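Chemist: Protein chains in written order, with my numbering: chain A, 1 to 285; chain B, 1 to 339; chain C, 1 to 340. We put the CB at the ideal spot given by N, CA and C, even for glycine. Being a predicted model, the structure only gives us computed values, none of them experimental. Pasting in a structure now, in structure tokens, and then I'll have a few things to ask.
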Amino acid sequence: MPSLMRALRLPQNDPLAIIGVTIYVVFLLVALFADVLASDPFEILFTEDGNLAANLPPSLAYPLGTTNLGRDIFSQLVIGTRSAFLVGLTAAGAVVALGTIVGLVSGYFGGLTDQILMRLADIALGIPFLPFVIVLAAFLGPQTQNVVLAITVLLWPNTARVIRSQVLTLRERGFVEAARVAGSSDLRIIRVHIAPNIMPLSLLYGSIAIGWAILTEASISFLGFGPSDSISWGGMLQDAYASQALSRGSYYWFIPPGLCIVLVVVAGFFISRGYEEILFPKLKD
Amino acid sequence: MDAYVHVSGLSKTFPVSRDIGQVLRGERPVVHAVRSVDFSIAPGETVGLLGESGCGKTTTGRLLLKLVEPTEGSIRIGDKVLAGLSGESLRGFRRDAQFVFQNPFDALNPRIAIGRSLAEPLINAGIPREEHAERTRVVLERVRIRGTELLERYPHEMSGGQLQRVVLARALILEPRFIVADEPVSMLDVSVRAGILNLMRELQDSLGLTAIYISHDLALVRYVARRTLVMYLGSLVEDGPTEDVIHEPLHPYTKALIAAVPLPRVTQTRDPLPLRPGTPDARKVGKGCPFVNRCPAAMAVCEIERPPLVAVAAGRRVACHLMPAAPLRAAGSLAPAAS
Amino acid sequence: MSLLRVRGLAIDYATKGGTLHAVSRGTLDVGAAEVVGLVGESGCGKTTLARALTGIVPRNATFMGGEIVFEGRDVLNGPPDAWRDLLWRKISFVPQSSMNALDPVYRVGAQMTEVLRLRGGMGRAEAATRSEELFAMVGLDPRRASEYPHQFSGGMRQRAAIAMALALHPALVIADEPVTALDVIVQRQVLDTLRDLQSRLGVSVLLVTHDISVVAYVCDRVVVMYAGEVIESGTTRAVLEAPRHPYTMGLTNAFPDLERAGGTLAPIAGAPPDLRAPPQGCRFAPRCPFAQARCRAETPPLTIDADGHASACWRSDEAAALAENAKDPSTWTLMSTSAA
């Protein structure tokens with residue numbers, strides 16, 4: 001864990017950051033070994049007497065019971081980890097990459113480039129979330145990559161704005177001017193002197209974005225606009241809701257996916273708190 | 001001898017914040033950081049650029065290294081006219097002209113080890129990698145840093161004095177011919193200051209550098225520069241050999257400035273300064289002399305006409321209506337550098 | 001009897017890298033109506049010491065011992081309320097950056113009257129009159145009292161801070177680098193105002209500065225600190241003209257004098273010690289060209305002679321010869337080859 005914390009540039013004495021990283025590591029392991037831990041989540045199960053194994057409460061065979069269609073909830077939960085991380089990590093990666101590049105270019109070069117990019121950011125911030133997702137799903141189809149696209153389009157401006165303001169400060173620092181006097185090109189100054197100094201900030205926004213992306217993906221799936229060919233936590237919640245698991249008191253169906261979403265999102269925020277302490281050490285008091 | 005640095009009619013304005021009335025009227029008020037400045041520096045000469053904060057001395061230094069673009073006027077350094085430089089020619093200029101920064105704690109990237117920071121100019125100039133070690137060794141010797149273990153260290157692990165030596169080494173590593181040093185010791189403690197100043201003196205002599213030493217402290221300027229230019233609110237008000245400027249200042253501002261410097265000794269004059277009450281404000285400089293509101297000898301003409309910087313004696317120029325131009329020299333001509 | 005007497009003051013800071021002994025042997029006196037300069041380089045503990053006299057120290061600081069006697073009462077070891085009660089009324093403070101003393105969102109005059117009303121118990125009208133008086137006293141136009149701090153120049157803000165410090169007729173004003181951020185001319189004008197008010201009002205001033213020229217210009221006496229310890233003190237004339245401690249000798253050599261032509265400045269080689277692990281013996285010994293075996297083993301005590309000139313150096317009886325020797329820059333350069 002210490003070396004992982006160092007690789008992520010997190011403070012190793014921050015208990016919340018350690019908890020956050022631990023949660024991520026556990027879920028990542030689950031996602032990686034999902035095939036070993038779970039059986040086919042789409043398989044329709046039957047009891048020994050040949051009846052559909054629907055709405056079974058938790059048992060040794062089915063640790064979290066079964067759905068109304070006779071599918072193993074535990075397996076769905078385990079396999080759902082994959083899509084959560086797939087969407088969470090790719091969307092967060094895309095958000096941070098786009099936001100960081102736009103922030104760097106906008107802040108460093110300023111002028112017209114800055115104006116255009118920041119007005120684009122304003123427009124993206126003004127897009128209403130749900131209608132946009134629904135329209136996008138309707139036009140491009142409810143596939144995972146479209147969910148990632150929607151999240152990226154909606155979330156990049158926050159990162160870009162913060163990175164930009166940080167770059168504006170860094171640009172005035174003596175060592176940036178010193179690099180210019182030393183003959184460094186703009187590209188080199190950005191790459192060597194500015195980008196490494198904003199990395200913790202990018203990672204902060206990345207760790208927040210993972211949580212947001214997973215939450216967003218869950219919402220999209222819950223509303224029924226998510227990909228229908230894969231299992232996700234949001235989709236599980238939607239199935240549970242649609243089949244009135246709530247009124248039947250099948251807590252084992254909707255609490256576990258809900259809890260997983262909360263855990264992953266909270267872990268993201270714990271890690272981002274760790275970055276905040278690096279960036280703004282005064283928060284420690 | 002031909003001047004190495006030649007500056008003529010140099011001006012730089014910056015926009016200032018507007019009030020609502022100015023926005024509505026579409027006005028774009030500016031402040032003159034540097035106002036029609038002319039001077040030349042002979043090869044190998046070190047000139048002090050003296051003035052208070054906000055007088056435009058740092059902007060002048062940045063203009064000379066093309067870190068900002070002038071609003072008007074031209075700068076020639078060596079055989080290069082700065083306005084025309086870009087791409088490869090600008091890169092060539094950066095090899096010849098270097099800047100020594102005021103704040104050594106900020107001039108080096110905190111995340112990069114000293115050795116890599118020192119190598120940056122070499123990489124940019126395309127010096128073959130196998131020469132880097134030798135060049136670094138030579139330059140560290142020049143700035144009196146012993147041992148190479150320091151190359152592995154990071155800026156926060158070093159003292160201010162050591163850092164400023166590294167900053168100096170980085171400026172010298174490409175063997176430039178021209179250096180602008182902006183208050184290089186103002187952030188340093190007194191006991192280490194003298195070491196950097198001595199080093200700068202030695203380097204000027206041994207490397208034959210042409211240099212501008214920017215400072216608010218006349219005693220420090222005197223220590224490194226034989227000639228001094230005095231700036232006040234963007235204008236050059238006096239130019240002459242440093243010792244003459246100190247012992248016989250001609251411009252009323254220079255007189256007040258010198259009278260104000262406290263001495264490190266008990267016996268010193270504590271007479272009131274030869275000044276009228278008033279505050280320097282670059283935004284309120286009108287068409288007259290910039291010093292008119294504080295000058296004890298201001299006349300009617302000073303309010304309406306800016307005095308030109310004219311030669312009044314060999315190697316001495318002053319911008320003051322009280323000082324008649326030397327009869328044999330045409331008004332406004334550039335005085336030859338006294339070196 | 002002196003107005004303020006500090007003996008053996010020790011202040012530690014709890015830092016990440018361990019306990020930092022910011023002040024170890026803080027010993028100084030400020031007499032009535034006297035201007036005392038407290039000089040030293042950055043990190044020598046002068047600001048910590050000066051601020052400690054107001055009882056205000058950072059959260060990670062602890063008083064480790066010593067006494068602070070103000071008007072005959074030991075405030076450090078007395079009830080904390082009594083000390084707090086002295087602030088503003090008896091002891092006031094002018095910070096280094098007057099930007100810190102003045103709140104940017106309130107008018108300068110309002111901040112002044114607030115001090116007068118809250119700490120001085122004055123009524124609205126009385127406070128307004130006194131505020132005008134104070135503005136005029138420090139050379140500010142009272143009509144500008146209705147302006148905000150950002151509309152003031154640096155010199156004006158510093159004048160306002162001085163006016164606030166003098167608002168309640170304190171006996172002692174502690175000024176932390178009050179002119180460091182100012183231009184030469186403004187610095188001189190503020191110093192003249194300070195000196196003039198000091199002699200007119202009979203107030204004592206403890207002036208913290210790194211600049212020997214400022215000390216020479218305004219101070220009656222000077223206290224020199226190095227690495228958390230007071231190493232020399234005496235009248236300004238005695239300390240500057242006949243320094244007893246090699247550090248003071250080095251410091252005076254390192255200052256350029258505008259009226260003295262030519263000459264070479266001599267730096268003091270090396271850097272001040274890490275105060276988390278100060279060296280044994282005299283703390284200046286590693287940088288001292290005159291250090292002997294004893295200096296590296298035993299801490300020299302601060303000894304006072306009949307004239308009140310105190311120094312902490314094992315070789316202070318040879319001071320005159322050493323000072324002569326110290327004037328030669330080569331004395332110091334011999335050392336500088338061994339350290340960066």
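Using a Cβ-Cβ distance cut-off of 8 Å, determine whether PRO39 of chain B contacts chain A.
Modeler: Residue identity check: residue 39 of chain B is Phe in the sequence provided, not Pro. No, PHE39 of chain B lies away from the interface with chain A (no Cβ there is under 8 Å from its Cβ).
Chemist: For ASP220 of chain C, go through chain B and note every residue whose CB falls closer than 7 Å to its CB, in chain order.
Modeler: The contacting residues do not exist; ASP220 of chain C stays about 10 Å from chain B at best.
Chemist: Going by C-alpha to C-alpha distance, which of B:GLU69, B:VAL266, B:HIS6, B:ALA42 sits closest to ALA225 of chain B?
Modeler: B:ALA42
Chemist: I want to know whether the segment 230-246 of chain B touches the segment 50-59 of chain B - three or more CB-CB distances under 8 Å.
Modeler: The answer is yes - the segment 50-59 of chain B touches the segment 230-246 of chain B, with three or more Cβ pairs under 8 Å.
Chemist: When you compare the CB of PRO184 of chain B with every CB in chain A, is at least one pair closer than 8 Å?
Modeler: no
Chemist: I'd like to know if the segment 180-191 of chain B and the segment 204-221 of chain B are in contact, where contact means that at least 3 CB-CB pairs between them fall below 8 Å.
Modeler: yes
Chemist: Classify LEU10 of chain B: buried if its beta carbon has 16 or more other beta carbons within 10 angstroms, exposed otherwise.
Modeler: buried
Chemist: Quick test of your reading: THR209 of chain C and VAL39 of chain C, contact by CB under 8 Å. State the CB separation rounded to the nearest angstrom.
Modeler: 6 Å
Chemist: Just the C-alpha distance for ARG237 of chain C and LYS287 of chain B, rounded to the nearest angstrom, thanks.
Modeler: Across the structure, ARG237 of chain C and LYS287 of chain B are spaced so that their CA atoms are roughly 48 Å apart.
Chemist: Residues of chain A with a CB under 7 Å from the CB of ALA125 of chain B: which are they?
Modeler: GLY183
Chemist: Does the beta carbon of THR236 of chain C sit closer than 8 Å to a beta carbon anywhere in chain B?
Modeler: yes
Chemist: For the beta strand (DSSP E) containing GLU67 of chain C, name the first residue and the last one.
Modeler: Where GLU67 of chain C is concerned, the enclosing beta strand (DSSP E) stretches over 61-70.
Chemist: Any beta carbon of chain B sitting closer than 8 Å to that of VAL23 of chain C?
Modeler: no
Chemist: Do you know how far the Cα of THR59 of chain B is from the Cα of GLY240 of chain B?
Modeler: 21 Å
Chemist: Taking 8 Å as the cut-off, decide whether the C-beta atoms of ALA266 of chain C and ALA313 of chain B are in contact.
Modeler: If you check the CB distance, ALA266 of chain C and ALA313 of chain B do not come in under 8 Å.
Chemist: If we define contact as Cβ-Cβ less than 8 Å, is ALA169 of chain B a contact residue for chain C?
Modeler: no
Chemist: My understanding is that VAL105 of chain A touches LEU120 of chain A, with C-beta atoms under 8 Å, so please give their C-beta distance in whole angstroms.
Modeler: Taking C-beta atoms under 8 Å as the contact rule, VAL105 of chain A and LEU120 of chain A fail to qualify, at a distance of about 12 Å.
Chemist: Tell me, please, which residues DSSP counts as bridged to ALA175 of chain C.
Modeler: Residue pairing by DSSP places ALA175 of chain C opposite C:VAL94, C:LEU207 in a beta bridge.
Chemist: Three or more C-beta pairs closer than 8 Å, one from the segment 204-213 of chain A and one from the segment 125-139 of chain B: is that the case here?
Modeler: Segments in contact, no.
Chemist: If we cut at 8 Å on Cβ distances, does ALA260 of chain B have a partner in chain C?
Modeler: True, the Cβ-Cβ gap to chain C drops below 8 Å.
Chemist: GLU120 of chain B touches chain A at which residues, Cβ-Cβ below 7 Å?
Modeler: ALA179, ALA182, SER184
Chemist: Give the straight-line distance between the Cα atoms of LEU102 of chain C and ALA161 of chain C, rounded to the nearest whole angstrom.
Modeler: 7 Å
Chemist: Please report the straight-line C-alpha distance between CYS282 of chain C and PRO272 of chain C, rounded to a whole angstrom.
Modeler: 12 Å
Chemist: Within a Cβ cutoff of 6 Å, which residues of the same chain sit near GLY206 of chain A, ignoring the five residues on either side of it in sequence?
Modeler: ALA92, VAL96
Chemist: Residues of chain C with CB closer than 9 Å to the CB of ASN198 of chain B, please, in chain order.
Modeler: THR264, LEU265, ALA266, PRO267, PRO329, THR333
Chemist: Determine which residues of the segment 163-174 of chain A have a Cβ less than 8 Å from any Cβ of chain B, and write them out in chain order.
Modeler: ARG173, GLY174
Chemist: I'd like to know if the segment 81-97 of chain B and the segment 17-33 of chain B are in contact, where contact means that at least 3 CB-CB pairs between them fall below 8 Å.
Modeler: no
Chemist: Which residues does DSSP list as the beta-bridge partners of GLU238 of chain B?
Modeler: Answer is B:VAL230, B:VAL318.
Chemist: Which residues does DSSP pair with GLY18 of chain C in a beta bridge?
Modeler: Answer is C:THR15, bridged to GLY18 of chain C.
Chemist: With 8 Å set as the bound, which would you pick, yes or no: does the beta-carbon of GLN204 of chain B sit closer than that to a beta-carbon of chain A?
Modeler: no
Chemist: Using beta-carbon positions only, say whether LEU188 of chain B and GLY160 of chain B come within less than 8 Å of one another.
Modeler: Taking 8 Å as the Cβ cut-off, LEU188 of chain B and GLY160 of chain B qualify as a contacting pair.
Chemist: Run the CB neighbour count on LYS12 of chain B, radius 10 Å, all protein chains shown included, and call it buried at 16 or more, exposed below.
Modeler: buried
Chemist: With DSSP as the reference, label GLY126 of chain B as helix, strand or coil.
Modeler: In this structure, GLY126 of chain B counts as coil in the three-state DSSP scheme.
Chemist: Establish whether the CB of ILE214 of chain B and some CB of chain C are separated by less than 8 Å.
Modeler: no
Chemist: What is the C-beta distance between SER153 of chain C and HIS245 of chain C, in whole angstroms, given that I count them as a contact (C-beta under 8 Å)?
Modeler: Incorrect: roughly 38 Å between the Cβ atoms, too far for contact.
Chemist: Report the three-state DSSP secondary structure of ALA340 of chain C (helix, strand or coil).
Modeler: With a pLDDT of 36 at ALA340 of chain C, under the threshold of 50, the modelled position of that residue is not reliable, and no figure is offered here.
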